[in-house]
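S.K.: Here the protein sequences come in this chain order: A and B.
Using this note's numbering, the first residue of the first sequence is number 44, and each one after it goes up by one.
Using this note's numbering, the first residue of the second sequence is number -11, and each one after it goes up by one.
Provided herewith is a single structure, encoded as structure tokens, for subsequent inquiry.
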Amino acid sequence: MTEPGHGGLAVDAEVTRGGFTLAVSLGAEPGQVLGILGPNGAGKSTLLSAVAGLTPVSAGRITLAGQVLDDADQGTFVEAAGRPIGFVFQNYRLFPHMTVADNVAFSPRARGQGKQAARSAASYWLGRLGLTGLADRKPGQLSGGQAQRVALARALAGQPSLLLLDEPLSALDAGTRLDVQAELKRHLADFAGPCLLVTHDPIEALVLADQVVVLEHGHIVQAGPPALIARQPGTDYVAKLVGLNLYEGRADGSAVALTGGGTFVIPDHGQHGDVLVAVRPSAIVVSTQPPQSSSARNTWPAKITGLTLLADRVRLDLDGPPPALVDVTPAAVTELSLDPGSQVWLTVKATDLEVYPGNGAQAG
Amino acid sequence: MVIRTLRPTGPSRLTARERARRAARGGASRSVPAPLLVPALIAILFLVLPLAGLLIRAPWARIGAALSGADATQALTLSLWTATVSTAISMVIGVPLAWVLARTSFPGQRLLRALVTLPLVLPPVVGGVALLLAFGRTGFAGRYLDSWFGLTIPFTPLAVVMAETFVAMPFLIITVEGAFRSADQGFEEAAATLGARRMAVFRRITLPMNAPSLGAGAVLCWARALGEFGATITFAGSFPGQTETMPIAVYYALENDPDAAIALSLVLLLVSVVVLVSLRDRWLRGSPL
């Protein structure tokens, strides 16, 4: 994974900052958007910081298109100003004392172009991102979506061969986020180099990234295409993000003995040894009487410990074993008189249980 | 031991206005206890009375004539240009020093910071003596300036500028250093990722983003230079037209031309008020620099 492809980014490094250590090995090919998904404090921003040259690595190396950017063993280091990168910061960091046009012209100018050339580069990028009318504004006079586009234009105007985006949509309100997201996807598709996109929003990663790595506590816990990660989460954190129940267990024939207690019977799942089982909260059926059992169904008693009203359904928190989150309609809550403490039966079809290999250490 | 009965205080009057204020802002009584009120009033009188005296005694009718006298005009002109040149020099060499103190770390940095800000608390006359010992005709540096270049500094307008710079530059340095230190370095990081080298970052980001603090430091520095007396009279003397700045002129005029002294003092008072107003956002709200 770390073999630098032609024009690709390869990171195989440790970064120590304070008492925190990030140890990752990842690569991104030209034209690829690599989503970095993880909770706060997982080391996502530290990773971008190291790739940008704002924090040196403490071990290992970072290369771009075969060129060493940072190598702790050889002591090679390219300063941030010397790296061919474009960085879109979380709060954009637009220079408040400059106009939008001057912000966008900053990088061409700093990288050695004349005033005129920098200005025309800026107006090209302003036009390309639909910002021409805002050229003379100050950043303080922009809406969130506009500021995001200016930040992207400013990063792209320096003709970077690598693009870094740190939570590019998190500063936006929910209303504009979807529009800006769609637009950002278009611009990322036009960008020829590799792109790292840090986010803690799984939807953002699903929509924008071609590949995703999940970072937790400074380590990569899962990597793969976003759709696979959404269907087969590798850790409790990812399962919670994508809204699935996740169980760790051991497969023996068609039976999967769950580590936390309980057993699922899943014919023909084809896995052996340590496995993970994922199931959607809406795929589990609640009943107040023990249902007539059938071979393709898994049924177990559980006790309701909590109810939360979501937009159009009620999420039940249930104690098993195994425990589960189950989504039911508000009507069902009334009809079955579901209360905290109620004893119920849960049923799930074997075909709704997604079984895939786990590595034992992943699920919590 | 006498045990007294504790009694709550009786009712007092609360005006409708005070009721409204307490209802709106909350809080209890705002009345000032007498042991605090009396000293506070004395302090106010002590600080304000002399200034009032200056205004009362001012020869308002003849103020124009008093200021247009040859000595007064000369002193005014000399003070204005020397203070301005001192401020310019302080900007050119003091701002880079402020950056070095704020953004780098090296052994002895704290000692260096203490040394360069020492003139803030040093009696100015001591500064004057120090300058004389360094740059005087027989001083350890002045000796060579004299024998190599024929340059004699003491008792020239250059000496005035040097004395004022020595005393005033630290005001600029600490103001600007504080601003550099507390500035959001995220913008400088962003500039670096956009390809800007250290000097470009300083010129295009750090300086313009700290412009208000640079302005405040410059105003403070200029005001201090304009009022400089002790170091100037020690190092530069008081030759009218050459080294006699306004404060020195006021001091001498008090003996033979009190009206001119008062008029010049009023000019200095006016300048101080203007400086205070221009810095009001930083000072009058009670916030630190």
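Note that beta-carbon positions come from the ideal geometry of N, C-alpha and C, so glycine has one too.
None of these values were measured; they are calculated from a predicted model.
1) Any idea which residues DSSP pairs S68(A) with across the strands?
2) Could you give the distance in angstroms between the alpha-carbon of L214(B) and the alpha-carbon of I161(B)?
3) Helix, strand or coil for T105(B)? Go by DSSP, reduced to three states.
4) Below 8 Å on the Cβ atoms is my contact criterion, and I expect L240(A) with L77(A) to pass it. Report the Cβ-Cβ distance as a whole number of Å.
5) Excluding the 5 residues flanking V131(A) on each side, which residues of the same chain have their C-beta closer than 6 Å to its C-beta?
6) Name the DSSP bridge partner or partners of Q386(A)?
7) Can you give me the start and stop residues for the beta strand (DSSP E) that R293(A) sits inside?
8) Please name the residue in G316(A), V281(A), D295(A), D382(A) whose C-alpha comes closest to that of T331(A).
9) Quick one: is F307(A) near chain B, going by C-beta distance under 9 Å?
10) Sorted by chain position, which residues of the same chain lie with C-beta nearer than 6 Å to L66(B)'s C-beta, five sequence neighbours on each side aside?
11) Locate the alpha helix (DSSP H) running through S325(A), then write down its first and last residues.
12) Report buried or exposed for S265(B), applying the criterion of at least 16 other Cβ atoms within 10 angstroms of its Cβ.
13) Check this for me: beta carbons of T219(A) and G188(A), under 9 Å apart or not?
14) Which same chain residues, not among the five before or five after A102(A), have their C-beta less than 6 Å away from its C-beta?
15) Have a look at G109(A) and A95(A) and give me their C-alpha separation to the nearest angstrom.
16) Measuring straight from C-alpha to C-alpha, what distance separates R152(A) and A225(A)?
17) Check the Cβ of S150(A) against every Cβ in chain B and list those closer than 7 Å, keeping chain order.
18) Hey, is A71(B) close to the ligand PLP, as in C-beta under 8 Å from one of its heavy atoms?
19) Nearest CA to the CA of A71(B): which residue from A156(B), A102(B), S93(B)?
20) Below 9 Å between beta carbons: does that hold for P73(A) and I128(A)?
21) Hey, quick one: how far does the alpha helix (DSSP H) through G115(B) stretch, first residue to last?
22) So L284(A) and P245(A) are in contact, right, with Cβ under 8 Å, and what is the actual spacing, rounded?
23) So which residues of chain B does A124(A) contact, with C-beta pairs closer than 7 Å?
24) Report the start-end ranges of each alpha helix (DSSP H) in the segment 228 to 285 of chain A that is 4 residues or longer and not cut off at the edges.
25) What are the uninterrupted segments assigned as alpha helix (DSSP H) that are 4 or more residues long and contained completely in the segment 145 to 231 of chain B, given in chain order?
26) Let me make sure I understand the geometry here. Which of T106(A), R60(A), F63(A), G118(A) has the alpha-carbon closest to that of G50(A)?
27) Within a Cβ cutoff of 8 Å, which residues of the same chain sit near T140(B), ignoring the five residues on either side of it in sequence?
28) To the nearest angstrom, report how far apart R84(A) and P276(A) are at their CA atoms.
29) With C-beta atoms as the reference, is V259(B) less than 9 Å away from V164(B)?
30) Looking only at C-alpha atoms, which of F168(B), S226(B), A241(B), A122(B) sits nearest to F154(B)?
31) Starting from F190(B), find everything on chain A with Cβ-Cβ shorter than 7 Å and list it in chain order.
32) Pairs of beta-carbons, one from the segment 303 to 314 of chain A and one from the segment 358 to 366 of chain A, closer than 8 Å: are there three or more?
33) Is the shortest distance between the beta-carbon of G203(B) and the beta-carbons of chain A less than 9 Å?
34) Cutting at 8 Å between CB atoms, please list the residues of its own chain near P107(B), excluding the five before and the five after it.
35) Leaving aside the five residues before and after I263(A) along the sequence, list all residues of the same chain whose C-beta is less than 6 Å from its C-beta, in chain order.
36) Once the 5 residues before and after A294(A) are set aside, which same chain residues still bring their CB inside 6 Å of it?
M.R.: According to the structure data:
1) To locate residue 68(A), count along the first sequence from 1; it is residue 25. Note: S68(A) sits in a beta bridge opposite D55(A).
2) Counting from 1 along the second sequence, the entry for residue 214(B) is found at position 226. Counting from 1 along the second sequence, the entry for residue 161(B) is found at position 173. One C-alpha to the other measures close to 17 Å.
3) The sequence position of residue 105(B) within the second sequence is 117, counting from 1. DSSP places T105(B) within a helical segment (H, G or I) once states are collapsed to three.
4) Translated into the one-based positions of the first sequence, residue 240(A) becomes position 197. Translated into the one-based positions of the first sequence, residue 77(A) becomes position 34. The Cβ separation is near 7 Å, so the contact holds.
5) The residue given as residue 131(A) occupies position 88 in the first sequence. Contacts found: A194, L195, A198, L208, P211.
6) The residue given as residue 386(A) occupies position 343 in the first sequence. Beta-bridge pairing by DSSP links Q386(A) to K346(A).
7) Reading the first sequence from its first residue, position 250 is the one you call residue 293(A). Per DSSP, the continuous beta strand (DSSP E) segment holding R293(A) begins and ends at 288 to 295.
8) What you label residue 331(A) is simply residue 288 of the first sequence in a count that begins at 1. Between T331(A) and the set G316(A), V281(A), D295(A), D382(A), the nearest pair of CA atoms involves D382(A).
9) To locate residue 307(A), count along the first sequence from 1; it is residue 264. Cβ-Cβ to chain B under 9 Å: no for F307(A).
10) The residue you call residue 66(B) lines up with position 78 of the second sequence. In chain order, T233 place their CB closer than 6 Å to the CB of L66(B), counting only its own chain and leaving out the 5 sequence neighbours on each side.
11) Position 282 of the first sequence, counting from 1, holds the residue named residue 325(A). In this chain, S325(A) is not harboured by any alpha helix (DSSP H), its DSSP state being neither H nor E.
12) As a working note, residue 265(B) is residue 277 in the second sequence. Checking the sequence shown, residue 265(B) turns out to be Val, not Ser. By the Cβ-count criterion, V265(B) is exposed, with fewer than 16 other Cβ atoms from all chains shown falling within 10 Å of its own Cβ.
13) Here the question's residue 219(A) lines up with position 176 in the first sequence. Here the question's residue 188(A) lines up with position 145 in the first sequence. Against a cut-off of 9 Å, the Cβ pair of G188(A) and T219(A) comes out as a contact.
14) Along the first sequence, one-based indexing puts residue 102(A) at 59. E57, A115, listed in sequence order.
15) Position 66 of the first sequence, counting from 1, holds the residue named residue 109(A). Position 52 of the first sequence, counting from 1, holds the residue named residue 95(A). Roughly 16 Å separates the two Cα atoms.
16) Counting from one through the first sequence, the residue named residue 152(A) turns up at place 109. Counting from one through the first sequence, the residue named residue 225(A) turns up at place 182. Looking at the two C-alpha atoms, the distance is approximately 30 Å.
17) Translated into the one-based positions of the first sequence, residue 150(A) becomes position 107. Using a Cβ-Cβ cut-off of 7 Å, S150(A) is close to L182, G183 of chain B, given in chain order.
18) For the structure depicted, the ligand PLP is absent and the ligand set is empty, with no information on it obtainable.
19) Position 83 of the second sequence, counted from the first residue, corresponds to residue 71(B). Considering only alpha carbons, the answer is A156(B).
20) For the purposes of this step, residue 73(A) is taken as residue 30 along the first sequence, with counting starting at 1. For the purposes of this step, residue 128(A) is taken as residue 85 along the first sequence, with counting starting at 1. Result no, Cβ atoms of P73(A) and I128(A) do not sit closer than 9 Å.
21) Locating residue 115(B) in the second sequence gives position 127, counting from the first residue. Here the alpha helix (DSSP H) through G115(B) covers 112 to 123.
22) To locate residue 284(A), count along the first sequence from 1; it is residue 241. To locate residue 245(A), count along the first sequence from 1; it is residue 202. Rounded, the Cβ-Cβ distance is 4 Å, consistent with contact.
23) Numbered from 1 along the first sequence, position 81 holds the residue referred to as residue 124(A). A180, G183, A184, R185, listed in chain order.
24) List check, alpha helix (DSSP H) in window: 245 to 251, 269 to 274, 279 to 285.
25) As far as the segment 145 to 231 of chain B is concerned, its whole alpha helix (DSSP H) runs of at least 4 residues are 145 to 170, 174 to 181, 186 to 189, 199 to 214, 218 to 223.
26) The residue given as residue 50(A) occupies position 7 in the first sequence. Taking each of T106(A), R60(A), F63(A), G118(A) in turn and checking the Cα distance to G50(A), the smallest one comes out for T106(A).
27) For this step, residue 140(B) is matched to residue 152 along the second sequence. Cβ neighbours of T140(B) beyond the five flanking positions: R125, G130, L133, D134.
28) Taking the first sequence and counting its residues from 1, the one referred to as residue 84(A) is at position 41. Taking the first sequence and counting its residues from 1, the one referred to as residue 276(A) is at position 233. The sequence shown places Gly at residue 84(A), rather than the Arg named in the question. If I take the Cα positions, the gap works out to 20 Å.
29) In the second sequence, residue 259(B) corresponds to position 271, counting from 1. In the second sequence, residue 164(B) corresponds to position 176, counting from 1. No; because the gap between Cβ atoms is not below 9 Å, this pair is not in contact.
30) As a first step, residue 154(B) must be located in the second sequence, where it is residue number 166. Among F168(B), S226(B), A241(B), A122(B), the Cα nearest to that of F154(B) belongs to A122(B).
31) The sequence position of residue 190(B) within the second sequence is 202, counting from 1. Simply none; closest approach about 12 Å.
32) Segments in contact, yes.
33) As a first step, residue 203(B) is located in the second sequence; it is residue number 215 there, counting from the start. With 9 Å as the cut-off, G203(B) does not count as an interface residue toward chain A.
34) Along the second sequence, read from residue 1 onward, the residue named residue 107(B) stands at position 119. Same-chain partners within the cutoff: G115, F154, V155, M157, P158.
35) The count along the first sequence starts at 1 and reaches residue 263(A) at position 220. Cβ-Cβ distances below 6 Å link I263(A) to V67, V256 in the same chain, with the five nearest sequence neighbours on each side left out; the list follows chain order.
36) Numbered from its first residue, the first sequence carries residue 294(A) at position 251. Only Q314, H315, V318 meet the Cβ criterion.
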